[in-house]
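Engineer: Following this message is one structure expressed as C-alpha cells.
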Amino acid sequence: MPPTQAESVIKNIIREIGQECAAHGEIVSETVVAFMVKAVVLDPSNGFNTDRTLVKGDVQKLVKLCVTRLLDSKNPSLDTIKMQVYFDMNYTSREEFLEEHHRVLESRLSSVSREITDSRACVREELESLYRKIVSYVLLRSGLGSPTDIKIVREATAALQSVFPQAELGTFLTLSKKDRERQLKELTMIVTGIRLFNRDCGKGGEGIDDLPAILQEAIPATTQHVDSQLEVVQDQAYRYTAILEKVAKNPLLSQELQPYMLKEALYNVRQYEFFLQIILPIFIALSNLWTSFQDETVLINILSNLTTHLEPFLGTHELFFPEKVMQALLDGVTVKTDVCRMKEHIEERVNLADFRKLEWLFPETTANFDKLLIQYRGFCAYTFATTDGLLLPGNPAIGILKHKEKYYTFNTRDAAYSFAENPENYIDKIREKAKKNAELIQLLELHQQFETLIPNSQMKEVDKHYIKPIAKCESSTQTDTHLLPPTIVRSYEWNEWELRRKAIKLANLRRKVTHSVQTDLSHMRRENCSQVYPSKDASTQSMREASSQVPRPQIYVAGFRGGHTKTTSEVKVNLTRAIDET
0 MPPTQAESVI
10 KNIIREIGQE
20 CAAHGEIVSE
30 TVVAFMVKAV
40 VLDPSNGFNT
50 DRTLVKGDVQ
60 KLVKLCVTRL
70 LDSKNPSLDT
80 IKMQVYFDMN
90 YTSREEFLEE
100 HHRVLESRLS
110 SVSREITDSR
120 ACVREELESL
130 YRKIVSYVLL
140 RSGLGSPTDI
150 KIVREATAAL
160 QSVFPQAELG
170 TFLTLSKKDR
180 ERQLKELTMI
190 VTGIRLFNRD
200 CGKGGEGIDD
210 LPAILQEAIP
220 ATTQHVDSQL
230 EVVQDQAYRY
240 TAILEKVAKN
250 PLLSQELQPY
260 MLKEALYNVR
270 QYEFFLQIIL
280 PIFIALSNLW
290 TSFQDETVLI
300 NILSNLTTHL
310 EPFLGTHELF
320 FPEKVMQALL
330 DGVTVKTDVC
340 RMKEHIEERV
350 NLADFRKLEW
360 LFPETTANFD
370 KLLIQYRGFC
380 AYTFATTDGL
390 LLPGNPAIGI
400 LKHKEKYYTF
410 NTRDAAYSFA
420 ENPENYIDKI
430 REKAKKNAEL
440 IQLLELHQQF
450 ETLIPNSQMK
460 EVDKHYIKPI
470 AKCESSTQTD
480 THLLPPTIVR
490 SYEWNEWELR
500 RKAIKLANLR
510 RKVTHSVQTD
520 LSHMRRENCS
530 QVYPSKDAST
540 QSMREASSQV
550 PRPQIYVAGF
560 RGGHTKTTSE
570 VKVNLTRAID
580 ET
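Residue numbers (numbering that gives the first Met the number 0): 0 to 581.
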C-alpha cells in the first residue's frame, strides 16, 4: 500500500474511533486515539500482523478494540496513557515556553507598532497623536502598568520626554521602518529602566508590581503543593510495590487480585511521580533567578496549571483500592521506601573476577557515574522481567552493567548475576511485556525499541541524553633505553627524483663562486669573511711561437745551352745537403 493511501486509511480509522467514542458520551482527542491504535496493534494478543495490509474485518476489529479500551473509564492503564499524551502535548522546555510567550506578545503589539512605523504625520495634531501612541507602545511592551491609567501614562510620558522629547518626532519620521522599530525597542528599555529606578527611589513606579515579592510567595506555595503531591504518590507507589511483592510470593493471592489491575495502578502512580519530578526542578531553579521576573511569572503560571491538570488522571486506581481495601491487603506487610530498599543491599557489590567478558561500572572508577542514562528509568531489569512487571528501583552501588552501549541497574547482586548470564533473554521479555501494556513504553523510556511511539517532546532529544562513561584508573608507563644501537640510515632516500635533484645540486655547486663585497660605508664596521676553494698548483698548455731549421734545397740543371753535338742533353744536379748535416 502506498504511504499516502496508508496514511489516509489510518486517519479514517482514527476519525471513526473518535466518532464512536463521542456517540457514547466520551470526547477523546485524536492524539490519544492514535496512540491507542498503535498500542492495540503492538499487543500480540490481539493478533494483528503489521507486515500485511489490513482488510475490512481487521479494521472493524481494530475499531472495536480501541473503542472498548477508550470507554473503559475504570482502567488505570488508560489514565496513564492519557496523562502521558497530555504531558507530551503541553510540556516543553523553559526556553520554548518563554519563546511562545514572547511570540504572542509580539503579535499583540504588531498593530500598534505598525501604526507608529507607517505614520506620515505632518500637522501638530497628528504628531501629538503619534507621541501618545509611542507612550502606549512603551507601556504595553514593558508590561509595567495599563495604558488606560492616567497616572501611569503621565509618569511614562515624563520619562519618555526626558530622553525623547516631542520635538524629535521629525527626525524619527525620517528614519526607515527597521530603524523606527529598533528605536522603539530601545526607548522601551530606557523608559522602563527610568521608571524602575524611580520606583526604587520612592519617587514613582505607579502600577509596577513587586515581582520579587510575588515570586517569593508563589514559588514556595507551588513547590509545596507539588511536594505534597509527590509525597502522596510516592507513598502509594511504595504500598503497591509491597503488595505486589507479597503477591509474587503467593500465586493464589495473585489470582484473587488479578481483576483489580494492581500493576496498572502502580504504573499510573509511578508515571505521575516522574512527571512531578520533572516539574519540581524547574520551580527550584525559579527561586534562584531574580532577573526577567515577568518571564518567570508567566512560566510559573503555566507549570502550575500543568500540575493541576495532571491530577485528574490519577483517580481511577483509587476506585479499586480505597483505604479499607489497602489496609486489608497491607496486613502483615512492611511498606518500604525506595531508599530503604537500596540500603538493604548497600554492601553487596559485583565481583569483577566473576565476569571477564562483561564491563561493570562503579562510582569510584567512573567520573560521570551519576549522569549515565540508566535503562528502564533505573528500575531493576531482572525483577521486572521475572516477576511479570514488578517495578523495583535498582541500586547503582551494586554495579552498573554496560551491555551494547546501554546501562542496567539491579536491586540485588543475585539479580545482577542472573541478568548478566543472558541479557538479551530478559530484554526481550521486557519488550513483550511493554507490547501488552502500552503505558510502559514511555514509563520505562522504551522509545528506541518502539520508534513509532516516541513523544514529540523527546523526538529532538533522543540522542542528546546518551553519555559515555569516563573511566578513572591509576596507570604508569615506562620506556626502556634502546638495547641495540639504531640502524637508521639518515642519508637514505627512497625517491629517485629527490636523488637526481641532489646530484644536480652538487654538480652545479662545483661551478659556483662565492663572492663578498665591501663598500666604503661598510668598511671597518664589521668583519667580513668569505669561503672559497683552497688554491692549488696547476699548469696548462697553450699555443706558442716556434721555429725550426731545415736544409734549403739546391738543385742545378745544366746542358740547356747545347753543345758541339746536334742533340741537347741536360744534366740535373741535386746539391741539397742532408738533414743530419745541418
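Using N, Cα and C, we set each Cβ at its ideal position, and we do this for glycine too.
As the structure is a computational prediction, the values presented were derived from the model and not from experiment.
Got a sec, what are the start and stop residues for the beta strand (DSSP E) E358 sits in?
Structural biologist: Run containing E358: E358 to L360, per the beta strand (DSSP E) assignment.
Engineer: Could you check whether the stretch 87 to 105 touches the stretch 325 to 336, counting it as contact only if at least three pairs of C-beta atoms, one from each stretch, sit closer than 8 Å?
Structural biologist: no
Engineer: Return the first residue and the last residue of the alpha helix (DSSP H) that N197 is part of.
Structural biologist: That run of the alpha helix (DSSP H) goes K176 to C200.
Engineer: By how many angstroms is the C-alpha of L195 removed from the C-alpha of C121?
Structural biologist: 34 Å
Engineer: Just to confirm, is the Cβ distance from T575 to Q553 under 8 Å?
Structural biologist: Inclusion of T575 and Q553 in the CB contact set at 8 Å is warranted, their separation being smaller than that value.
Engineer: Alpha helix (DSSP H) containing A217: first to last residue?
Structural biologist: L210 to K248
Engineer: So, for V134: in the same chain, excluding its five sequence neighbours on each side, which residues have a beta-carbon less than 7 Å away from its beta-carbon?
Structural biologist: Closer than 7 Å at Cβ, skipping near neighbours: V152, A155, T156 and L159.
Engineer: Helix, strand or coil, according to DSSP, for V8 in the structure here?
Structural biologist: helix
Engineer: With a 10 Å radius around its C-beta and 16 neighbouring C-beta atoms as the bar for buried, classify I26 as buried or exposed.
Structural biologist: exposed
Engineer: Does the separation of the CB atoms of L400 and A415 fall below 8 Å?
Structural biologist: yes
Engineer: With a CB to CB cut of under 7 Å and the five nearest residues on each side skipped, what residues in its chain are close to L265?
Structural biologist: A236, Y239, T240, L243 and L390
Engineer: CA-CA distance, K177 and K184?
Structural biologist: 11 Å
Engineer: Quick check on DSSP: helix, strand or coil for A437?
Structural biologist: coil
Engineer: Would DSSP call G17 helix, strand or coil?
Structural biologist: Shown here, G17 sits in a helix according to DSSP, grouped into three states.
Engineer: Short check: CB of G398 to CB of L442, under 8 Å?
Structural biologist: no
Engineer: Between T476 and K511, what straight-line distance do the alpha-carbon atoms span, to the nearest angstrom?
Structural biologist: 53 Å
Engineer: How many angstroms separate the CA atom of F34 from the CA atom of N300?
Structural biologist: Looking at the two C-alpha atoms, the distance is approximately 29 Å.
Engineer: In the DSSP output, what is H402 paired with across the bridge?
Structural biologist: Paired residue(s): K405.
Engineer: Determine the extent of the beta strand (DSSP E) in which K571 is found, giving its start and end residues.
Structural biologist: V570 to N573
Engineer: Please check the pair T408 and C379, which I expect to be a contact at CB under 8 Å, by giving their CB distance rounded to whole angstroms.
Structural biologist: At roughly 7 Å, the Cβ-Cβ gap stays under 8 Å, so T408 and C379 are in contact.
Engineer: When you compare only the Cα positions, how much space is there between K571 and D536?
Structural biologist: Rounded to whole angstroms, the separation of the alpha carbons of D536 and K571 is 59 Å.
Engineer: Measure the alpha-carbon distance for A639 versus Y406 and round it to whole angstroms.
Structural biologist: No statement about residue 639 is possible, as the shown extent of the chain runs from 0 to 581 and does not include it.
Engineer: State the Cα-Cα distance for the pair T290 and R198, rounded to the nearest angstrom.
Structural biologist: Any reading at T290 needs caution, since the residue's pLDDT is 45, under 50, leaving its predicted position unreliable; the model's value is listed next. Looking at the two C-alpha atoms, the distance is approximately 17 Å.
Engineer: Please confirm whether R348 and R430 have their CB atoms less than 8 Å apart.
Structural biologist: Cβ distance not < 8 Å, so R348 and R430 don't count as in contact.
Engineer: Which same chain residues end up closer than 6 Å to A433 when comparing Cβ atoms and leaving out the 5 residues on each side of it in sequence?
Structural biologist: L439, I440 and L445
Engineer: Can you give the Cα-Cα distance for L452 and Q83, rounded to whole angstroms?
Structural biologist: Caution applies to L452, whose pLDDT of 48 falls short of 50 and renders its modelled position unreliable; the model cannot decide the point.
Engineer: Please work out which residues of its chain come closer than 6 Å, Cβ to Cβ, to D57, disregarding the five sequence neighbours upstream and downstream, and give them in chain order.
Structural biologist: none
Engineer: Using beta-carbon positions only, say whether L275 and V225 come within less than 8 Å of one another.
Structural biologist: yes
Engineer: Among P395, K565, F418 and S110, which has the Cα closest to the Cα of F368?
Structural biologist: P395
Engineer: Measuring only the C-alpha atoms, how far is D78 from V39?
Structural biologist: 16 Å
Engineer: Could you give the C-beta distance for V111 and K132, rounded to a whole number, given that I count them as a contact under 8 Å?
Structural biologist: Correct: roughly 7 Å between the Cβ atoms.
Engineer: Quick one: Cα of S161 to Cα of Y130, how far?
Structural biologist: 13 Å
Engineer: Do the stretch 210 to 222 and the stretch 161 to 176 meet, that is, are 3 or more Cβ pairs less than 8 Å apart?
Structural biologist: no
Engineer: Measure how close the beta-carbons of K262 and L252 come, nearest whole angstrom, since I'm counting them as under 8 Å.
Structural biologist: Contact doesn't hold; Cβ gap of about 14 Å is too wide.
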